Amino acid sequence: MKQAIITGASKGLGKALAHQLAAMGYDLLLVARSEKMLADLAQQITATYKVKATSLALDLSDTKSSGAIYSWCEQNQFNPSVLINNAGYACWGFFESMPIDQQEKMIQVNTGSLVNLTHTMLPLLKRQPAAYIMNIASTAAYQAVPTMALYAASKAFVKSFSRGLRYELRNTNVSVTCVSPGPMSTNFIQQAGMEAMQETAKKFEMPAEVVAKKGLKAMFNKKSESIPGAVNYLTVKFSNILPDALLEKIAANLYLTKLKP
Ligand SMILES: NC(=O)c1ccc[n+]([C@@H]2O[C@H](COP(=O)([O-])OP(=O)(O)OC[C@H]3O[C@@H](n4cnc5c(N)ncnc54)[C@H](OP(=O)(O)O)[C@@H]3O)[C@@H](O)[C@H]2O)c1
53 MKQAIITGAS KGLGKALAHQ LAAMGYDLLL VARSEKMLAD LAQQITATYK VKATSLALDL
113 SDTKSSGAIY SWCEQNQFNP SVLINNAGYA CWGFFESMPI DQQEKMIQVN TGSLVNLTHT
173 MLPLLKRQPA AYIMNIASTA AYQAVPTMAL YAASKAFVKS FSRGLRYELR NTNVSVTCVS
233 PGPMSTNFIQ QAGMEAMQET AKKFEMPAEV VAKKGLKAMF NKKSESIPGA VNYLTVKFSN
293 ILPDALLEKI AANLYLTKLK P
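Using my numbering, the letters of the sequence shown correspond one by one to residues 53 to 313.
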C-alpha cells in the first residue's frame, strides 16, 4: 500500500504534487486550511485515479496540528512512506513595519510545523521498507532578501535542517530531500500581497506541475537537494561566488524598489 501526506495541498505546488503522486498510485492525506477546496480536490483525485484521497483541514500554525495528523493516521491505519512538507508563505515588507504576530505565524508554518510534523511522523515512516521526506524551501534559502528577510531566513532554516537530518538518517530507510523552487505561477504572490512584483515574477516563473515533477524525481532518487529550472540552479550556484553584500543589493533592487512606502 503506497500512502503519502502532503501539507499545503489545497493549491499551487501542493496540489500539483497531489495529482502526480496519485497518478503514481499513492493514497493521499491532504492537509491545508481551505476545507472546501481540499475536500473538492480529494474527491476529484479519488474519482480520477485508482487511489483514495482524504482531506484534513488544519491550520498548521496551531502547534497541535501534527498531533492531529498523527492521530488521524493511527485511527485510519494510514501508513505513510512519503511526507511532503510543502505548506508555506511569505510576508512582504519591512520587518519593523509588519505586525510581529503575523510574522511569527509565518515562521511557525514555514519552519515550526515542518519540524514538529517531521518529528511526529518519523516513527511511522520508519515502519516502511523505504520512506521519503520532501521539504520545500526556496531559492531564497541561499541568500538574504531585504523586505522578505524572515521568509528567506525561514527557508534557509528548512534547507539547513533538511541536510542535517538527512545525514543523521543516512543509515536508515528514510531519505530527506530539500526542494528549492524559484518563482512559480501559484497563489504565492497574491497571498503575500506582492502584486507589484507580478510582472517581474512572470519573466522567471515555472509552472508548479514542472517543479512538482522535478521535485518528485529528486526525492525518489534520494537526492539531497533539488533546485528546479536551469536559470534558478545557475543563479544559486553563481550566487555562491558573489559577495553577500552584492547579492543583498541585487535582491533589494528587485524587491525593495517595488515596495510602496
Ligand atoms: N510560488 C513561488 O514563487 C514559490 C517560490 C519558492 C518557494 N515557494 C514555496 O512553495 C511552497 C508552496 O507554495 P505555493 O507557491 O504553492 O503557494 P500557494 O499556492 O499559496 O500554496 C500554499 C499552500 O500552503 C497552505 N498553507 C498556507 N498557510 C497554511 C496554514 N497556516 N496551515 C495550513 N496550510 C497552509 C495553503 O493552503 P490554505 O491557504 O488552504 O491553508 C496552500 O495550500 C511554499 O512553501 C512556498 O514558500 C513558492
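Glycine included, C-beta positions come from ideal geometry on N, C-alpha and C.
Computed from a predicted structure; not experimentally measured.
Compute the minimum distance between the beta carbon of F314 and the heavy atoms of ligand 1, and state whether it is under 8 Å. As displayed, the chain neither begins before 53 nor continues past 313, which places residue 314 out of reach and without an answer.
Cross-strand partners of M186 (DSSP beta bridge): Against the sequence shown, residue 186 aligns to sequence position 134. Its beta-bridge partners are I136 and T229.
Does the Cβ of A204 lie closer than 8 Å to at least one heavy atom of ligand 1? On the sequence shown, position 152 is the one that residue 204 refers to. Because no heavy atom of ligand 1 lies under 8 Å away, the Cβ of A204 does not count as near it: no.
What's the call for G234, buried or exposed, on a 16-neighbour Cβ count within 10 Å? Within the sequence shown, the letter at position 182 stands for residue 234. Buried, because 16 or more other Cβ atoms sit within 10 Å of the Cβ of G234.
Quick one: Cα of A91 to Cα of L81, how far? As a first step, residue 91 must be located in the sequence shown, where it is residue number 39. As a first step, residue 81 must be located in the sequence shown, where it is residue number 29. Approximately 11 Å, taken between the alpha carbons.
Should Y219 be labelled buried (16 or more other beta-carbon atoms within 10 Å of its own) or exposed? Working through the sequence shown from its first residue, we reach residue 219 at position 167. Counting Cβ neighbours within 10 Å, Y219 comes out exposed, since fewer than 16 surround it.
Residue range of the unbroken beta strand (DSSP E) whose run includes A109: On the sequence shown, position 57 is the one that residue 109 refers to. From DSSP, the beta strand (DSSP E) with A109 extends over A105 to A109.
Alpha carbon to alpha carbon, what distance is there between S232 and Q127? The residue you call residue 127 lines up with position 75 of the sequence shown. The residue you call residue 232 lines up with position 180 of the sequence shown. Whole-angstrom Cα-Cα distance: 33 Å.
Could you tell me which whole beta strand (DSSP E) segments of length 3 or greater appear in the region 137-218? 183-188
Looking at the unbroken alpha helix (DSSP H) that takes in Q55, where does it start and where does it end? The count along the sequence shown starts at 1 and reaches residue 55 at position 3. Q55 -> not in any alpha helix (DSSP H); beta strand (DSSP E) instead, spanning Q55 to T59.
Would a C-beta distance cut-off of 9 Å place A56 and P175 closer than the cut-off? Translated into positions along the sequence shown, residue 56 becomes position 4. Translated into positions along the sequence shown, residue 175 becomes position 123. No, they are not a contact pair.
Any non-hydrogen atom of ligand 1 within 8 Å of E257 CB: By one-based count along the sequence shown, residue 257 stands at place 205. At least one heavy atom of ligand 1 is nearer than 8 Å to the Cβ of E257, so yes.
Where I152 and S237 are concerned, what is the direct C-alpha to C-alpha distance, given to the nearest angstrom? Taking the sequence shown and counting its residues from 1, one reaches residue 152 at position 100. Taking the sequence shown and counting its residues from 1, one reaches residue 237 at position 185. Taking the straight line from one Cα to the other gives about 28 Å.
Exposed or buried, G60, counting other C-beta atoms within 10 Å across all chains shown (16 or more means buried)? In the sequence shown, the residue the question calls residue 60 occupies position 8. Its Cβ being crowded by 16 or more others within 10 Å, G60 is buried.
Three-way DSSP call (helix, strand, coil) for S278 in this model: On the sequence shown, position 226 is the one that residue 278 refers to. It is a strand residue.
Report yes if the CB atom of I185 is closer than 9 Å to the CB atom of L135, and no otherwise. Reading the sequence shown from its first residue, position 133 is the one you call residue 185. Reading the sequence shown from its first residue, position 83 is the one you call residue 135. Yes, they are a contact pair.
Whole-angstrom C-beta distance between F240 and G64, which should lie under 8 Å: Counting from one through the sequence shown, the residue named residue 64 turns up at place 12. Counting from one through the sequence shown, the residue named residue 240 turns up at place 188. That pair is a contact at about 7 Å.
Is any heavy atom of ligand 1 found at a distance shorter than 8 Å from the C-beta of M236? Here residue 236 is taken as the residue at index 184 of the sequence shown, counted from 1. Checking every heavy atom of ligand 1 against the Cβ of M236, one is found closer than 8 Å.
Less than 7 Å between C-beta atoms, sequence neighbours within five positions excluded: which residues of the same chain meet that for P295? As a working note, residue 295 is residue 243 in the sequence shown. The beta carbon of P295 sits closer than 7 Å to no other beta carbon from its chain once the five residues preceding and following it are set aside.
Same chain, Cβ closer than 6 Å to T191, neighbours up to 5 away in sequence not counted: Position 139 of the sequence shown holds residue 191. Contacts found: S232, G234, N284 and V288.
Tell me whether N162 is buried or exposed, calling it buried when 16 or more other Cβ atoms sit within 10 Å of its Cβ. As a first step, residue 162 is located in the sequence shown; it is residue number 110 there, counting from the start. Result: buried.
With distance defined between alpha-carbon atoms, name the residue in T100, K104, A70 and L110 nearest to E87. Taking the first residue of the sequence shown as 1, we reach residue 87 at position 35. It is L110 whose Cα lies nearest to the Cα of E87.
Nonlocal neighbours in the same chain, by C-beta distance under 6 Å from A304, ignoring five residues either side: By 1-based counting over the sequence shown, the position of residue 304 is 252. The residues are P198.
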